[in-house]
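**Q** Can you keep this structure in mind? I'll have questions shortly.
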Amino acid sequence: MLDIVIEARKAAISEAVAVKRILPFRLRRMVGPFVFMDHAGPIANIPTPPSAMDVLPHPHIGLSTVSYLFGGQVTHRDSLGVQQIIRPGEVNWMTAGKGIAHSERFEDPAALAGGLEMIQTWVALPEEDEECNPAFDNYSVEQLPVYTDKGIWMRLIAGTAYGLHNSVETHSPLFYLHVELDAATPFALPQEHSERGLYIVKGSIEIAGNIYSAGQLLVFTKETDPLIIAKTQTSLMILGGEPLGERYIWWNFVSSRKERIEQAKEDWKQGRIVLPPNDNHEFIPLPDDKFKTAGAPKPNPLS
Numbered sequence: 006m007l008d009i010v011i012e013a014r015k016a017a018i019s020e021a022v023a024v025k026r027i028l029p030f031r032l033r034r035m036v037g038p039f040v041f042m043d044h045a046g047p048i049a050n051i052p053t054p055p056s057a058m059d060v061l062p063h064p065h066i067g068l069s070t071v072s073y074l075f076g077g078q079v080t081h082r083d084s085l086g087v088q089q090i091i092r093p094g095e096v097n098w099m100t101a102g103k104g105i106a107h108s109e110r111f112e113d114p115a116a117l118a119g120g121l122e123m124i125q126t127w128v129a130l131p132e133e134d135e136e137c138n139p140a141f142d143n144y145s146v147e148q149l150p151v152y153t154d155k156g157i158w159m160r161l162i163a164g165t166a167y168g169l170h171n172s173v174e175t176h177s178p179l180f181y182l183h184v185e186l187d188a189a190t191p192f193a194l195p196q197e198h199s200e201r202g203l204y205i206v207k208g209s210i211e212i213a214g215n216i217y218s219a220g221q222l223l224v225f226t227k228e229t230d231p232l233i234i235a236k237t238q239t240s241l242m243i244l245g246g247e248p249l250g251e252r253y254i255w256w257n258f259v260s261s262r263k264e265r266i267e268q269a270k271e272d273w274k275q276g277r278i279v280l281p282p283n284d285n286h287e288f289i290p291l292p293d294d295k296f297k298t299a300g301a302p303k304p305n306p307l308s
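Just so you know, the sequence shown maps onto residues 6 to 308 in my numbering.
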């Protein structure tokens, strides 16, 4: 059966980028290991300069961030010294582990001429991996398998589903796909995972006589095998996997332990989480701090 329908809420991640925030939700904090989901765009009117959309360096612990674009281009920089441009259809997978900082910059107006649209999710790490060393990988379009059938196109972003698998390194059993459906096409969710969710990026679907539309996340119980019918040309992100247990979430920090969140707060305030070496002149302060970003003391690298 359908467990819950979550309506996306408005949030802002930078001066000029508003997003639809889907997870976490007060009545449903996670779907499998997925603990966060934002949908940015589509943004057609790119500001001049596009740097007004930049997300300044900020920290994470206890999770992996997964960035996937439908349109536009983003430059990622992180504490490991990685600088990586992500383009539509690719996957940026950053594992924060014991702590990392990164920025997301919009630096090429020509690459944004057609607009910007992206999905970012966070995947909580199993307890035994929460303090792992940070890591980053970019996976090209060619590394992500595509399946097609009559009226169906789908790309496996990570995990396993429908007999598909790829080389994207994950820490727990999960699935994550981008799906395109033609109007009137029937579709079914994968059966091998305990928790499953379906986010409607655009278009609409029908399930058991009910219509659902863009900006809604539908979460299903394991026993359910819903018949999904696209009412129009429809884009979906489907995701889920095996639950990891309760997680505490505060700002950009995720952990199975409350005290670890408090430590992360102090680490960021005291400069114990390194900034990207090639993007270390500004940063986002801890939200409950009174000092402003401009002119704020810059965190020092980890010793």
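We put the beta carbon where it would ideally sit given N, CA and C, even for glycine.
#1: Once you ignore the five residues that flank residue 244 on each side, which residues in its own chain have a CB closer than 6 Å to its CB?
#2: Between residue 36 and residue 60, is the Cβ-Cβ spacing less than 9 Å?
#3: Looking at C-alpha atoms only, which residue of 96, 252, 52 and 159 is the closest neighbour of residue 172?
#4: Quick one: measure Cβ to Cβ for residue 184 and residue 159, integer angstroms, because I've assumed they're closer than 8 Å.
#5: Given residue 297, which residues of its chain have a CB within under 8 Å of its CB, disregarding the five upstream and five downstream residues?
#6: Where does residue 55 fall in DSSP's three states?
#7: Can you tell me whether residue 200 is buried or exposed, with buried defined as 16 or more other CB within 10 angstroms of its CB?
#8: For residue 87, does the count of other Cβ atoms within 10 angstroms reach 16, so buried, or fall short, so exposed?
#9: Taking DSSP's pairing of strands, which residues face residue 76 in a bridge?
#10: Go through its chain and collect everything with a Cβ distance to residue 131's Cβ below 7 Å, but skip five positions before and after it.
#11: Compute the beta-carbon to beta-carbon distance between residue 77 and residue 123, rounded to the nearest angstrom, for a pair I have assumed lies under 8 Å.
#12: Three-state secondary structure (DSSP) at residue 274?
#13: Give me the DSSP bridge partner(s) of residue 36.
#14: Out of curiosity, what's the CA-to-CA distance linking residue 209 and residue 170?
#15: Would you tell me roughly how many angstroms separate the C-alpha atoms of residue 114 and residue 81, rounded to the nearest one?
#16: Let me know the secondary structure DSSP gives residue 8 once reduced to three states.
#17: Give a yes or no on whether the C-beta atoms belonging to residue 134 and residue 99 are separated by under 9 Å.
#18: Considering only C-alpha positions, which residue in the set 157, 70, 186 and 79 is nearest to residue 139?
#19: List the whole-angstrom C-beta distance separating residue 268 from residue 10, where the pair is believed to meet the contact cut-off of C-beta under 8 Å.
#20: Assuming residue 64 contacts residue 104 (C-beta within less than 8 Å), just tell me the rounded distance between them.
#21: With a threshold of 6 Å on Cβ separation, who are the neighbours of residue 303 within its own chain once the five nearest residues in sequence on each side are excluded?
#22: Comparing alpha-carbon positions, which option in 92, 238, 272 and 102 lies nearest residue 117?
#23: Using three-state DSSP, classify residue 173 as helix, strand or coil.
#24: Which residues mark the beginning and the end of the beta strand (DSSP E) in which residue 201 is found?
#25: Per DSSP, residue 25 forms a beta bridge with which residues?
**A** Walking through what the data contain:
#1: 39, 181 and 202
#2: no
#3: 96
#4: 4 Å
#5: The predicted position of residue 297 is uncertain, since its pLDDT is 41 and thus under 50; no value can be drawn from it.
#6: helix
#7: buried
#8: buried
#9: 122
#10: 176, 177 and 249
#11: 7 Å
#12: helix
#13: 39
#14: 27 Å
#15: 16 Å
#16: strand
#17: no
#18: 70
#19: Contact doesn't hold; Cβ gap of about 36 Å is too wide.
#20: 6 Å
#21: Because the pLDDT of residue 303 is 38, which lies under 50, any placement of that residue in the model is unreliable, and the number read from its coordinates should be weighed accordingly. Here the set comprises nothing.
#22: 92
#23: coil
#24: 200 to 207
#25: 15 and 44
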